[in-house]
Amino acid sequence: MHERKPVQSWLTDMDGVLVHEGQPVPGAPEFINKLRSSGKPFLILTNNSIYTPRDLQARLTRMGFEVPEHALWTAALATAQFLADQRPGGTAYAIGEAGLTTALHAVGYVLTDFAPDYVVLGETRTYSFEAITKAVRLINDGARFICTNPDVTGPSVEGALPAAGSVAAMISKATGVEPYFVGKPNPMMMRSALNTINAHSESTAMIGDRMDTDVLCGLEAGLETILVLTGISTRTEAERYPYRPSRIVGSVADLMDEI
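For the sequence shown, the residue numbers in the numbering used here are 19 to 277.
Listed below in structure tokens is the structure:
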């Protein structure tokens, strides 16, 4: 069996790993603080495209985390970077919140509903039927279809909410066109994160709470994968998948001695 190099860089999911139901996971703020003081490169990843890194930084600060803005990497940022690499200075019709539109503007994209190069679908708290209809017509007219992430549901206090993946399925059904998903489990998300902190896959670990996104994504990108049991996937559920994480731990607090 190939022996991995010692971990020099860390990638970690946010919800279910550092935060759970609006509260910090016990030991998570201390874990992040130790990462910061160690000087090792790290990024906090999220498939949620609603918020800008500054928004997320403020949210984490309220919960006791000391995280620099540049240490947050969202599916919106990864999507914007992907589009800028594919078609620099392009145009897009975007369905989403400030996290997505700000990221697209930052890479020089023009947002328009007139013959855009892309229709970009992200998360939003209020999906507009009018906007979805516009997206369907633009895709039928030749716009390329991109979606920030494939998550079909998102959490709320009242229960599950339809998320970008569900709306993408509706648009695909209406157009016959499948989107390209940039966020997890696409290893593109991991690769862009690695490039952002100049890290190498052989010496980077990915911490996540979901087998179907975090672990799969990290595995396909060649990273060490660590499943924590503070979020979605349980140890029993993990055994049902045809692939395995490098290891399973209770929480990020169990990784303190490795930093």
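Think of the CB as a built atom: it goes at the ideal place given N, C-alpha and C, for glycine as much as any other residue.
Quantities reported herein were computed from a predicted structural model and do not represent experimental measurements.
N-terminal and C-terminal residue of the alpha helix (DSSP H) that residue i is part of
i	result
GLY117	116-124
THR97	93-104
Unbroken beta strand (DSSP E) run spanning residue i, endpoints
i	result
GLU242	242-246
LEU273	It is not in any beta strand (DSSP E) - LEU273 carries neither H nor E in the DSSP assignment.
THR109	109-113
TYR127	Note, TYR127: premise wrong, no beta strand (DSSP E); not H, not E.
LEU29	27-31
LEU139	136-139
Inter-residue CB distance, residue i and residue j (contact presumed, cutoff 8 Å)
i	j	result
ASP227	VAL85	With 8 Å as the limit, ASP227 and VAL85 do not qualify as a contact, their Cβ atoms being about 18 Å apart.
VAL267	ILE244	6 Å
VAL195	GLY183	Contact doesn't hold; Cβ gap of about 15 Å is too wide.
VAL11	THR248	The chain is shown from 19 up to 277; residue 11 falls before or after that span and cannot be answered.
VAL137	LEU156	5 Å
Burial state of residue i (16 or more Cβ within 10 Å)
i	result
ASP159	exposed
SER146	exposed
ARG162	buried
LYS202	buried
PRO134	buried
MET19	Model confidence at MET19 stands at a pLDDT of 49, short of 50, so the residue's coordinates are unreliable and nothing is read from them.
GLU255	exposed
VAL154	buried
VAL128	exposed
LYS23	exposed
THR231	buried
PRO106	exposed
Heavy atom of the ligand NAD within 8 Å of residue i beta-carbon
i	result
VAL185	Among the ligands in the structure shown, none appear at all, so the ligand NAD cannot be discussed.
Please list the segments of the beta strand (DSSP E) lying wholly inside the segment 143-195, counting only runs of 3 or more residues, in order along the chain.
You should have 162-165.
Runs of 4 residues minimum, wholly inside the segment 48-85: which ones carry the alpha helix (DSSP H) assignment?
Counting only runs of 4 or more residues that sit fully inside the segment 48-85, the alpha helix (DSSP H) segments are 71-80, in chain order.
Would you call the segment 249-261 and the segment 48-64 touching, i.e. three or more CB-CB distances under 8 Å?
Touching, no, given that fewer than three Cβ pairs across the two stretches are closer than 8 Å.
Could you say if the segment 60-68 and the segment 134-145 meet the contact criterion of at least three C-beta pairs nearer than 8 Å?
Judged by Cβ distances under 8 Å, the segment 60-68 makes contact with the segment 134-145, as three or more pairs qualify.
So within the segment 196-272, which uninterrupted beta strand (DSSP E) runs reach at least 3 residues, ignoring any that extend past its ends?
For the segment 196-272, whole beta strand (DSSP E) runs of length 3 or above, ordered along the chain, are 222-226, 242-246, 265-267.
If you pair each beta-carbon of the segment 119-134 with each one of the segment 177-184, do three or more pairs fall below 8 Å?
Per the Cβ contact rule, the segment 119-134 is not in contact with the segment 177-184 (fewer than 3 Cβ pairs under 8 Å).
Would you be able to state if there are at least three C-beta pairs under 8 Å between the segment 199-215 and the segment 227-242?
Touching, yes, given that three or more Cβ pairs across the two stretches are closer than 8 Å.
Quick one: any contact between the segment 185-202 and the segment 92-109, if contact means 3 or more CB pairs under 8 Å?
Per the Cβ contact rule, the segment 185-202 is in contact with the segment 92-109 (3 or more Cβ pairs under 8 Å).
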